[in-house]
Every structure is written in C-alpha cells, then in structure tokens.
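Written out below as structure tokens is the structure these notes cover.
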Amino acid sequence: MRDDDAGRGAASGTGQEPDAGNTDDAAGDAAEATAVAATARAEFDAFYAATARRMVAVVYALTGNLADAEDAVQEAYARAWAKWTRLQADGDPAGWVRVVAQRLAVSSWRKARNRWRAHVRHGSAAAVPELGPDHVALVAALQKLPKDQRRVIVLFHLYDLPAETVARELGCSAGAVRTRLFRARQALAEHLGEETAPESAPAASSAR
Numbered sequence: 001m002r003d004d005d006a007g008r009g010a011a012s013g014t015g016q017e018p019d020a021g022n023t024d025d026a027a028g029d030a031a032e033a034t035a036v037a038a039t040a041r042a043e044f045d046a047f048y049a050a051t052a053r054r055m056v057a058v059v060y061a062l063t064g065n066l067a068d069a070e071d072a073v074q075e076a077y078a079r080a081w082a083k084w085t086r087l088q089a090d091g092d093p094a095g096w097v098r099v100v101a102q103r104l105a106v107s108s109w110r111k112a113r114n115r116w117r118a119h120v121r122h123g124s125a126a127a128v129p130e131l132g133p134d135h136v137a138l139v140a141a142l143q144k145l146p147k148d149q150r151r152v153i154v155l156f157h158l159y160d161l162p163a164e165t166v167a168r169e170l171g172c173s174a175g176a177v178r179t180r181l182f183r184a185r186q187a188l189a190e191h192l193g194e195e196t197a198p199e200s201a202p203a204a205s206s207a208r
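The sequence shown stops at residue 208 when you use the working numbering, and every number in between is there.
Structure representation (structure tokens):
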C-alpha cells in the first residue's frame, strides 16, 4: 500500500511541474505579436509620411481653412491607425483617410459657421477675432466654384487621381467627371483672372 501511495505521489508531483514546451510557445507568441505590432507601426508611419502633406492640401483646397484642414486630417489618420489592419486589407487606406478627413472638415466648418451666426445674432460682430490667414488666390477661387466642380478639380489635379477613381469617389460616371472638369477649368480660369486683376482698373474706367 505504501509503495502504491508513493507512486501516486510521485506521479502527482510530476504533473504539477511547469511544461517547458508551453512556456516556450507563449514566449514565442508574445515575441511574434510584438514584431507584428512594430511592423504595423512602421508601415503606418511610412504611409503617414508619404501622404499627409498632400492630404492637408486637398482638404484645405476644399474648405479654404488651413487650421480646420490640419485638424481634420490628423483626426482622420488617428482613426485610420485604430483600424489599420483592415484598411491595409481593403487596399486603399489613402482613399479612406481622404474621405473621412473631408467629412470631418465639412462638419467642423458647419459648426464654426453656426457659432458665427449665433454670435452675430446675440453679440457684437466687431468683437469676433479674425477667422484665419488670408486665402491664397487658388483656394479663394476654388471657393467660388460649385461644390461638385471644386471637388473634381481638387481630386483630379491636386490629388492626381485618374478620372475613373474620381468617378467612383463622387458616385458618377467617368464621362460626367470629364464634363465637370471642363466646366470647372473654365470657371476657375475666370475666377483666377478676377483675383489677379489690377485694383486700379475700375478706378480708371470710372474716371472716364
């Protein structure tokens, strides 16, 4: 009986010892997860460095407000990092960031516009600080275009997207994109001419 008890005790003691193989597997899994996370971070950082500057330019051209454009783009990239693996699998993270940044910028602009209107109704307009830096001539001219023309100019010329990609993003045909581009270029040329026209011209004509 005592020999049997001793055998059972020895077996029981052996079962309580840690499994070296399982420990090694766990350590290997942890190291692999760390490596995967580091790779994902490096890939995202490279993606950000390659696309962020142009992304700000695109959103700025659409909204006309540099501060709002920068804020919207930063928030869009933060959201992209939160779902980076899925965006990589989808194959077009830049397109996703661009769409999100544009929506955020438009939302921010609408909120700012509503705050301004409320202030004008209930307070002194003279007390409102300046709304930001002067727009460059191109951005000022873009703001005069209809929204569909402005977007097609920005996406095609500033972001260098092909007409087919612009069409998918705008939900129209490639032919419609080309038509909008033609009309937008004509209108933009006229507005740029207005922006650069000499200020003395009206005075000279009125003097006659």
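All C-beta atoms in this analysis are idealised placements derived from N, C-alpha and C, irrespective of residue type, glycine included.
Going by CA-CA distance only, name the one from the options that's closest to residue i.
| i | options | result |
| --- | --- | --- |
| L192 | D160, V139, G171 | V139 |
| Q149 | E164, E169, R185, L161 | R185 |
| A101 | R53, A40, K144, A141 | R53 |
| A38 | W84, V99, N65, Y77 | W84 |
| V99 | E169, V177, H157, R86 | E169 |
| A40 | I153, R151, Q88, G171 | Q88 |
| Y77 | F156, A46, E190, R178 | A46 |
| E164 | R178, L158, I153, R151 | R178 |
| I153 | V36, L62, F44, V106 | L62 |
| V58 | G171, A187, V106 | V106 |
| Y48 | W96, N65, Y60, G64 | W96 |
| Y60 | R151, G171, P162 | R151 |
Thinking residue i and residue j are a contact (beta carbons under 8 angstroms), I'd like their distance in whole angstroms, please.
| i | j | result |
| --- | --- | --- |
| V56 | E70 | 6 angstroms |
| L104 | A67 | At roughly 13 angstroms, the Cβ-Cβ gap does not stay under 8 angstroms, so L104 and A67 are not in contact. |
Rounded to whole angstroms, what's the CA-CA distance from residue i to residue j? Just pull it up for me.
| i | j | result |
| --- | --- | --- |
| A94 | A80 | 9 angstroms |
| R180 | A31 | 53 angstroms |
| G175 | T34 | 48 angstroms |
| A141 | D160 | 19 angstroms |
| V166 | A50 | 20 angstroms |
| K144 | F182 | 16 angstroms |
| S173 | K147 | 17 angstroms |
| L155 | D90 | 20 angstroms |
| A189 | L158 | 16 angstroms |
| R86 | F44 | 12 angstroms |
| P198 | V36 | For P198, the pLDDT reaches just 42, beneath the cut-off of 50, and the residue's location in the model is therefore unreliable, although a value from the coordinates is still provided. P198 and V36: Cα-Cα distance of roughly 59 angstroms. |
| N65 | A187 | 21 angstroms |
| G171 | A42 | 33 angstroms |
| R82 | D92 | The sequence given here places Ala at residue 82; Arg does not occur at that position. The alpha-carbon atoms of A82 and D92 are separated by roughly 15 angstroms. |
The alpha helix (DSSP H) that contains residue i, what's its start and end?
| i | result |
| --- | --- |
| V166 | 163–170 |
| D148 | 147–153 |
What are the complete alpha helix (DSSP H) segments, minimum 4 residues, inside the stretch 34–84? As far as the stretch 34–84 is concerned, its whole alpha helix (DSSP H) runs of at least 4 residues are 66–82.
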